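2 protein chains.
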Amino acid sequence: MAERRSDATRAAILVAARERFASDGYERATIRSIAADADIDPSMVMRYYGNKEKLFAAAAEFDLQLPDVSAIRAQEIGSVLARHFLRRWEGDDTLTALLRAAATNAAAADRMRDLFGAQLLPVVAAVCPDPADAPRRAGLVASQMLGLALCRFVLRLPPMVAMPAEEAAAWVGPTIQRYLTSPA
Amino acid sequence: MAERRSDATRAAILVAARERFASDGYERATIRSIAADADIDPSMVMRYYGNKEKLFAAAAEFDLQLPDVSAIRAQEIGSVLARHFLRRWEGDDTLTALLRAAATNAAAADRMRDLFGAQLLPVVAAVCPDPADAPRRAGLVASQMLGLALCRFVLRLPPMVAMPAEEAAAWVGPTIQRYLTSPA
DNA sequence: TCTGAATGCCAACAACTGTTGGCATGAGAG
DNA sequence: CTCTCATGCCAACAGTTGTTGGCATTCAGA
């Protein structure tokens with residue numbers, strides 16, 4: 005398939021959509037505001053993405069790119085994962101968009117649960133002592149990492165915004181480590 | 005001031021508002037739906053609370069009722085606080101309403117930061133070794149507790165919903181303890 | 001019993017939402 | 001050049017939102 009002339013427009017819409025969803029959440033991010041950011045007519049958004057729900061689905065496509073844990077020393081997995089999450093979060097609006105939207109939109113919450121089950125869970129299962137514990141352990145890891153992201157990027161609690169990523173990872177790393185590998 | 009006949013109506017509106025804000029978030033919780041839940045005309049909501057923003061402010065009034073930490077043994081503060089948070093969250097829609105709304109509404113996020121600064125911070129300052137660390141330590145505590153609430157009550161991650169409160173507190177307690185009192 | 005205020009409902013408003021259809025414009029193939 | 005189709009914009013739609021003013025009813029105090 006040759007490159008179409010509209011591909012640039014499609015991409016611009018996606019970028020604007022991610023920014024709006026990230027800063028405003030699902031309902032307050034309007035098709036009109038997204039289109040305005042992309043310097044485009046609102047009807048183009050509809051033509052290229054069908055409707056708002058599908059636009060969000062396209063904008064919220066995300067790969068955590070979790071590292072191969074078998075290549076990491078067992079004792080360091082917690083801090084490696086903490087650092088990885090923070091970096092992934094800071095470099096891309098998509099996760100913040102997903103988190104903000106998931107608080108009020110059912111489809112976004114679904115997507116979040118999918119991401120949890122399809123990407124985080126397998127990694128946890130590969131690391132933790134008893135695979136039967138994996139869902140609970142993964143849930144705990146998610147609660148700490150999502151809570152950190154919530155305070156830092158969504159609620160913007162001043163001390164968590166000011167804290168350098170390296171320091172945050174240093175605090176949270178041992179927590180993740182314990183949730184992953186602590187006996188019981 | 006004598007009890008007015010409208011006090012029951014005012015209270016019913018507040019209850020319905022909390023439920024709606026908790027389950028739908030700020031923008032999807034409409035005045036009309038709240039009024040319908042309270043079996044009342046939407047215009048009454050306006051008369052008694054002025055506008056939607058003030059209604060939310062009234063519905064999101066909340067006291068964490070944090071215990072007096074000086075009466076608790078230093079080593080147990082983490083698990084006591086974890087249990088307290090979970091119980092407080094489960095018995096009242098207000099915190100879920102506040103959390104859901106804070107993800108997309110600026111006033112709600114403000115309220116959340118207030119609650120953090122006015123109620124959690126002093127307790128942390130009274131416990132942690134160096135008072136200068138209090139904001140950061142309190143921020144970390146918030147990130148874990150809010151993350152837990154997010155996964156359990158908002159995103160409804162299956163393993164976190166299924167986990168008994170006592171088990172969740174047992175996992176999270178040591179984390180809180182470390183954020184509060186660990187050196188460095 | 002009469003009066004005035006409190007309480008409640010109805011109807012409507014302007015603004016905004018997602019969404020749609022039709023019409024212009026441009027480029028590229030023949 | 002001509003024809004065609006993808007790309008883009010404009011105008012409008014139906015529905016929902018927060019919000020308002022007016023009218024009925026009910027209660028409390030004289």
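Just so you know, the protein sequences line up as chains A and B, in that order.
Heads up, my numbering is the position in the first sequence plus 4, with the first residue counted as 1.
Heads up, my numbering is the position in the second sequence plus 4, with the first residue counted as 1.
C-beta: ideal position from N, C-alpha, C; glycine also.
All figures in this text were calculated on a predicted structure; none of them were measured in a lab.
**Message:** I'd like to know if residue 89/A contacts chain B, where contact means its C-beta is closer than 8 Å to some C-beta of that chain.
**Reply:** Walking along the first sequence from the start, residue 89/A turns up at place 85. No, because no Cβ of chain B sits closer than 8 Å to the Cβ of residue 89/A.
**Asked** Tell me which same chain residues have a C-beta within less than 6 Å of the C-beta of residue 109/B, skipping the five on either side of it?
**Response** Taking the second sequence and counting its residues from 1, the one referred to as residue 109/B is at position 105. Closer than 6 Å at Cβ, skipping near neighbours: 30.
**Request:** Decide if residue 143/B is buried, meaning its Cβ has at least 16 other Cβ atoms within 10 Å, or exposed.
**Result:** As a first step, residue 143/B must be located in the second sequence, where it is residue number 139. It counts as buried.
**Request:** Using a cut-off of 8 Å between C-beta atoms, extract the partners of residue 28/B located in chain A.
**Result:** Within the second sequence, residue 28/B is the residue found at index 24, counting from 1. Ordered by position in chain A, the residues that pass the 8 Å Cβ test against residue 28/B are 108.
**Prompt:** For residue 24/B and chain A, any beta-carbon pair shorter than 8 Å?
**Reply:** The residue given as residue 24/B occupies position 20 in the second sequence. No, residue 24/B does not count as interfacial toward chain A.
**Prompt:** Looking at the C-beta of residue 147/B, does it have a partner C-beta in chain A at a distance below 8 Å?
**Reply:** Walking along the second sequence from the start, residue 147/B turns up at place 143. Yes, residue 147/B counts as interfacial toward chain A.
**Asked** Residues in its own chain within less than 6 Å of residue 157/B by CB, not counting five upstream and five downstream?
**Response** Counting from 1 along the second sequence, the entry for residue 157/B is found at position 153. For residue 157/B, where only same-chain residues beyond five positions count, the Cβ hits under 6 Å are 100.
**Item:** Proximal residues of chain A, C-beta to C-beta of residue 158/B below 8 Å
**Value:** For the purposes of this step, residue 158/B is identified with residue 154 of the second sequence, where counting begins at 1. Neighbours of residue 158/B on chain A, chain order: 106, 107 and 113.
**Prompt:** Going by the CB atoms, is the gap between residue 103/A and residue 62/A shorter than 8 Å?
**Reply:** Looking up residue 62/A in the first sequence gives position 58. Looking up residue 103/A in the first sequence gives position 99. Not in contact: residue 62/A and residue 103/A (Cβ atoms no closer than 8 Å).
**Asked** In chain order, what residues of the same chain have a beta carbon less than 8 Å from the beta carbon of residue 111/B, not counting five sequence neighbours either side?
**Response** Position 107 of the second sequence, counted from the first residue, corresponds to residue 111/B. The answer, listed in chain order, is 57, 60 and 61.
**residue 97/A and residue 26/A closer than 8 Å at C-beta** = By one-based count along the first sequence, residue 97/A stands at place 93. By one-based count along the first sequence, residue 26/A stands at place 22. Contact: yes.
**Prompt:** How about residue 179/B: is its C-beta nearer than 8 Å to some C-beta of chain A?
**Reply:** On the second sequence, position 175 is the one that residue 179/B refers to. With 8 Å as the cut-off, residue 179/B counts as an interface residue toward chain A.
**Message:** Counting only Cβ pairs nearer than 8 Å, list the residues of chain B close to residue 95/A.
**Reply:** Within the first sequence, the letter at position 91 stands for residue 95/A. Result: empty, since nearest Cβ-Cβ is about 20 Å, beyond 8 Å.
**Request:** Quick one: list the residues of chain B neighbouring residue 132/A, beta-carbon separation under 7 Å, in chain order.
**Result:** For the purposes of this step, residue 132/A is taken as residue 128 along the first sequence, with counting starting at 1. Within chain B, no residue comes near residue 132/A; the closest Cβ sits about 13 Å away, beyond 7 Å.
**Asked** Are the C-beta of residue 82/A and some C-beta of chain B separated by less than 8 Å?
**Response** As a working note, residue 82/A is residue 78 in the first sequence. It does not: the Cβ of residue 82/A has no partner Cβ on chain B nearer than 8 Å.
**Asked** In chain A, which residues lie less than 7 Å from residue 57/B when you measure between Cβ atoms?
**Response** Position 53 of the second sequence, counted from the start, is the residue given in the question as residue 57/B. Going along chain A, no residue has its Cβ under 7 Å from residue 57/B, so there is no contact; the nearest lies around 14 Å.
**Message:** Any beta carbon from chain A within less than 8 Å of residue 144/B's own beta carbon?
**Reply:** Within the second sequence, the letter at position 140 stands for residue 144/B. Residue 144/B counts as touching chain A.
**Message:** Using beta carbons (cut-off 8 Å, strictly below), is residue 20/B in contact with chain A?
**Reply:** The residue labelled residue 20/B in the question sits at position 16 within the second sequence. For residue 20/B, the answer is no, since every Cβ of chain A falls outside 8 Å of its Cβ.
**Item:** Short Cβ contact (8 Å threshold) for residue 169/B with residue 94/B
**Value:** Translated into the one-based positions of the second sequence, residue 169/B becomes position 165. Translated into the one-based positions of the second sequence, residue 94/B becomes position 90. Yes; because the gap between Cβ atoms is below 8 Å, this pair is in contact.
**Prompt:** Among 80/B, 9/B, 75/B and 122/B, which one has its Cα closest to the Cα of residue 65/B?
**Reply:** Counting from 1 along the second sequence, the entry for residue 65/B is found at position 61. If we check each option's Cα against that of residue 65/B, 122/B comes out closest.
**Request:** Rounded to whole angstroms, what's the CA-CA distance from residue 5/B to residue 52/B? Just pull it up for me.
**Result:** Along the second sequence, one-based indexing puts residue 5/B at 1. Along the second sequence, one-based indexing puts residue 52/B at 48. Here the model assigns residue 5/B a pLDDT of 47, short of 50, so the residue's position is not dependable, and the following value carries that caveat. Approximately 17 Å, taken between the alpha carbons.
**Request:** Spell out whether any CB of chain B is found under 8 Å from the CB atom of residue 116/A.
**Result:** Here residue 116/A refers to the residue found at position 112 of the first sequence. Chain B, which has a Cβ nearer than 8 Å to the Cβ of residue 116/A, makes this yes.
**Message:** For residue 31/B, would you say it is in contact with chain A, using Cβ-to-Cβ distances shorter than 8 Å as the test?
**Reply:** To locate residue 31/B, count along the second sequence from 1; it is residue 27. True, the Cβ-Cβ gap to chain A drops below 8 Å.
**Prompt:** Closest to residue 187/A by CA distance: which of 166/A, 47/A, 136/A and 10/A is it?
**Reply:** Position 183 of the first sequence holds residue 187/A. Closest by alpha carbon: 136/A.
**Asked** Is residue 120/B close to chain A, meaning its C-beta is less than 8 Å from at least one C-beta of that chain?
**Response** Counting from 1 along the second sequence, the entry for residue 120/B is found at position 116. Yes - at least one Cβ of chain A is within 8 Å of the one on residue 120/B.
**Request:** Could you give the DSSP three-state label for residue 133/B: helix, strand or coil?
**Result:** If you number the second sequence from 1, residue 133/B lands on position 129. The answer is coil: DSSP assigns residue 133/B none of H, G, I, E or B.
**Prompt:** How long is the line joining the alpha carbons of residue 151/A and residue 113/B, rounded to whole angstroms?
**Reply:** For this step, residue 151/A is matched to residue 147 along the first sequence. For this step, residue 113/B is matched to residue 109 along the second sequence. Going by the C-alpha atoms only, they are around 14 Å apart.
**Asked** On the three-state DSSP scale, how would you describe residue 115/B?
**Response** Against the second sequence, residue 115/B aligns to sequence position 111. In this structure, residue 115/B counts as helix in the three-state DSSP scheme.
**Prompt:** Assuming residue 184/B and residue 128/B make a contact with CB atoms under 8 Å, what is their CB distance in whole Å?
**Reply:** For the purposes of this step, residue 184/B is identified with residue 180 of the second sequence, where counting begins at 1. For the purposes of this step, residue 128/B is identified with residue 124 of the second sequence, where counting begins at 1. Contact holds; Cβ gap of about 6 Å.
**Message:** For a quick check, are the C-beta atoms of residue 41/B and residue 24/B less than 8 Å apart?
**Reply:** As a position in the second sequence, residue 41/B is number 37, starting the count at 1. As a position in the second sequence, residue 24/B is number 20, starting the count at 1. Yes, they are a contact pair.
**Message:** Between the alpha carbons of residue 22/A and residue 105/A, how many angstroms are there, rounded?
**Reply:** As a first step, residue 22/A must be located in the first sequence, where it is residue number 18. As a first step, residue 105/A must be located in the first sequence, where it is residue number 101. Using only the alpha carbons, I get a separation of about 11 Å.
**Asked** How would you write the range of the alpha helix (DSSP H) that residue 165/A sits in, first residue to last?
**Response** In the first sequence, residue 165/A corresponds to position 161, counting from 1. Residues 162-166.
**Item:** Inter-residue spacing [alpha-carbon to alpha-carbon] between residue 177/A and residue 32/B
**Value:** One-based indexing of the first sequence puts residue 177/A at position 173. One-based indexing of the second sequence puts residue 32/B at position 28. Whole-angstrom Cα-Cα distance: 37 Å.
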